[in-house]
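Using our numbering, you'd call the opening residue of the sequence shown number 1 and step up by one each time.
Backbone N, C-alpha and C define an ideal beta-carbon position, used for all residues, glycine too.
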Amino acid sequence: MYFHPALLFALVATLAYISVRRFIVRRQFTLRHGCQPVARASNKEPLLGLDTIPGTIRALRQHKILERTSELFRVHGTTFTVKELQRRAIVTIEPENIKTILSIKFKDYGISHRLEAFRPLLGEGIFDTDGDHWAASRALIRPSFTREQVADLTCLEELIQDFFALLPRDGKTVVDLQELFFRYTIDSATDFLFGESIGTLKKTDSEPGFAEAFHYAQKAVIVRGMLGPLNYFYRDRKADECNRMCREFAQRFVDEAFNAAETKKEGHDSQEQQSESKRKRIFSHELAWRTSDRRRVLDEMMNVLLAGRDTTASLLSNLFFMLAKSPDIWAKLRREVTSLEGREPTYEQLRSLKYVQSCINESLRLHPVVPRNERQAVCDTVLPLGGGPDGLFPVFVPKGTLVSYSLYALHRRTDIYGADAHEFRPERWMDGTLRPKWGYLPFNGGPRICIGQQYALTEVGYVLVRMVQELKGVIGQNQGPWEESLALTVCVRGGVPVVLVPDEKGEIQ
Ligand code: HEM
């Protein structure tokens, strides 16, 4: 290829002009906002940041990635920059900074870097898009999370009976609760979204189905996310097959939902259909009623399924891992639920059980199931803290920078939670004086706050209360400390093996 020298000169001059201009504009921006340099996690090899990789691999092998990040905050302060493979990121556990990213300067940040990894499974929906597309998704979905919808506990009780049927009652057989919790939540999520549970708790065969395909497809999302631009060269036929299987499976329910919406619009719905829709409101049907875009409904269903399933199962698992080590806490829970006199709790009763709620809060604090998160700056912007030698000055954030925050480390800050921040102590929430605001973010904050928060808390509270009512004790068989099993969410490595002590009645209802 031949470039005329004059053309080449013009090109170089233009590029030089753009760089100099950008430098000047940024310099003025930095001065105007009083920004100062942010601490660097030392990169002995500054070009690619390769020196941090062995430490990361070691932490991965020891299942201590979250602890390693906490350690970095202890060494470099609450906001610093790191460089890994040419990507520079600012990492922070300053509540003011997190509030700025998620709320005050919400429009300065986006998640577009997420889309490529998620699209093959989820399409484009609430969880993996930005801007107008995201706003439309949120508006479409939000009305399906009303109090009335969330307070309907019928399905939770039906499923808890399936769950109880799988629990050994002899006081000596070991059972992994984590495995059962994942089955419980996929059953309840599919009932909520599709109007029909896939019934994994009822299944006795080990035939791989939707749940297994969904699990594999999620693992591939993580690989694609890690590869970033190299993703272009990544091929995994099994993942392609699982994505296809999951989406085809969900498509059936989308088609059904549109048929139901058509019939309803024409006023032809049968008595049977009318009583079914009175009995429960089905997410897919509601979406089909609100939009004519079938692809959109399918994508949103996949997005909500991903956002809602593993999160709730992970919370239950992390919580029960700690409860199974704490007979005193179990006994206290038993005392609290006696107020229900053996009856199934209502939505209002669940919310009024203070110790139950404190145990859930505490699990989400010590083991937040979304333990870290990130946003990418879509324009030059500024964070209020982290600059200068004491970290009290603003920090300049150039467009394209990733700003990531660790909820795991934030929730263990001793200046927020006290010297025992590393302990599981539900009592800290009991008198209502602990109000960490942006120092406690298990469900995120700002306009993208978790839409299913009340749904999840209700489900987890319900399972906990029903278990406490039915079991005198849950005895953990894993003597070691909690270890991370880190994927898109974090649950317990090695599962939650327990032996169950039935109530005096000697049976599980
Ligand atoms: C313990 C359970 C749960 C936890 C800890 C949790 C946590 C979170 C977090 C941290 C986010 C923010 C993600 C981000 O913006 O990067 C989020 C978003 C979301 N969650 Fe949850 N979630 C839980 C359960 C659920 C459930 C049960 C549902 C639905 C049935 C759900 C639906 C969503 C949706 C749709 C979003 C995207 C919201 C948006 O971007 O506007 N979540 N969740």
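Item	Value
Can you tell me the Cβ-Cβ gap for residue 495 and residue 178, rounded? I've got them flagged as a contact below 8 Å.	4 Å
Where does residue 443 fall in DSSP's three states?	coil
Which residues share a DSSP beta bridge with residue 378?	Paired residue(s): none; residue 378 is not in a bridge.
To the nearest angstrom, how far is the alpha carbon of residue 162 from that of residue 182?	13 Å
Per DSSP, what kind of secondary structure is residue 170 in: helix, strand or coil?	coil
Can you tell me whether residue 84 is helix, strand or coil according to DSSP?	strand
Which class does residue 127 belong to by DSSP, given the choice of helix, strand or coil?	coil
Comparing the CB of residue 453 with every heavy atom of the ligand HEM, is any distance shorter than 8 Å?	yes
Return the CA-CA distance between residue 326 and residue 160, expressed in angstroms with no decimal places.	23 Å
Please report the residue range of the alpha helix (DSSP H) in which residue 450 lies.	Element bounds for residue 450: n/a, residue is neither H nor E.
So if DSSP puts residue 40 in a beta bridge, which residue, or which two residues, is it bridged to?	81
Just to confirm, is the Cβ distance from residue 492 to residue 477 under 9 Å?	no
DSSP three-state call for residue 90: helix, strand or coil?	strand
What is the DSSP secondary structure of residue 232, reduced to helix, strand or coil?	helix
Mind checking which residues open and close the beta strand (DSSP E) that includes residue 472?	471-476
Give the straight-line distance between the Cα atoms of residue 139 and residue 475, rounded to the nearest whole angstrom.	44 Å
Specify the secondary structure class of residue 496 as computed by DSSP and reduced to three states.	coil
Tell me whether residue 126, by its Cβ, gets closer than 8 Å to a heavy atom of the ligand HEM.	yes
Give a single yes or no on whether residue 168 has its beta carbon closer than 8 Å to a heavy atom of the ligand HEM.	no
Within 8 Å: the Cβ of residue 134 and any heavy atom of the ligand HEM?	yes
With a threshold of 8 Å, are at least 3 pairs of Cβ atoms found where one atom belongs to the stretch 79-99 and the other to the stretch 397-407?	yes
Going by beta carbon distance, what residues of the same chain come within less than 6 Å of residue 509, once the five residues before and after it are set aside?	With a pLDDT of 41 at residue 509, under the threshold of 50, the predicted position of this residue should be treated as unreliable, and no value is reported.
By a C-beta neighbour count over all protein chains shown, 10 Å radius and 16 as the cutoff for buried, is residue 262 buried or exposed?	exposed
Taking only runs that begin and end inside the stretch 398-445, name each unbroken beta strand (DSSP E) of 3 or more residues, in chain order.	402-406
Put residue 365 into one of helix, strand or coil per three-state DSSP.	helix
Does the distance between the C-beta of residue 189 and the nearest non-hydrogen atom of the ligand HEM fall short of 8 Å?	yes
On the criterion of 16 or more Cβ atoms from any shown chain inside 10 Å, does residue 57 qualify as buried, or is it exposed?	exposed
From the DSSP output, in three-state form, read off residue 455 for me.	helix
Between the alpha carbons of residue 372 and residue 174, how many angstroms are there, rounded?	32 Å
Need the endpoints of the alpha helix (DSSP H) that residue 188 sits in, please.	177-194
Would you kindly work out how many angstroms separate the C-alpha atoms of residue 402 and residue 219, rounded to a whole number?	22 Å
If you scan the stretch 336-363 from start to end, which runs of the alpha helix (DSSP H) of 4 or more residues do you find wholly inside it?	347-352
Anyone know if the C-beta pair for residue 422 and residue 368 falls short of 9 Å?	no
With a threshold of 8 Å, establish whether the CB of residue 312 neighbours any heavy atom of the ligand HEM.	yes
Less than 9 Å between the C-beta atoms of residue 100 and residue 447, yes or no?	no
Can you tell me whether residue 141 sits near the ligand HEM, meaning its C-beta is under 8 Å from at least one heavy atom of the ligand?	yes
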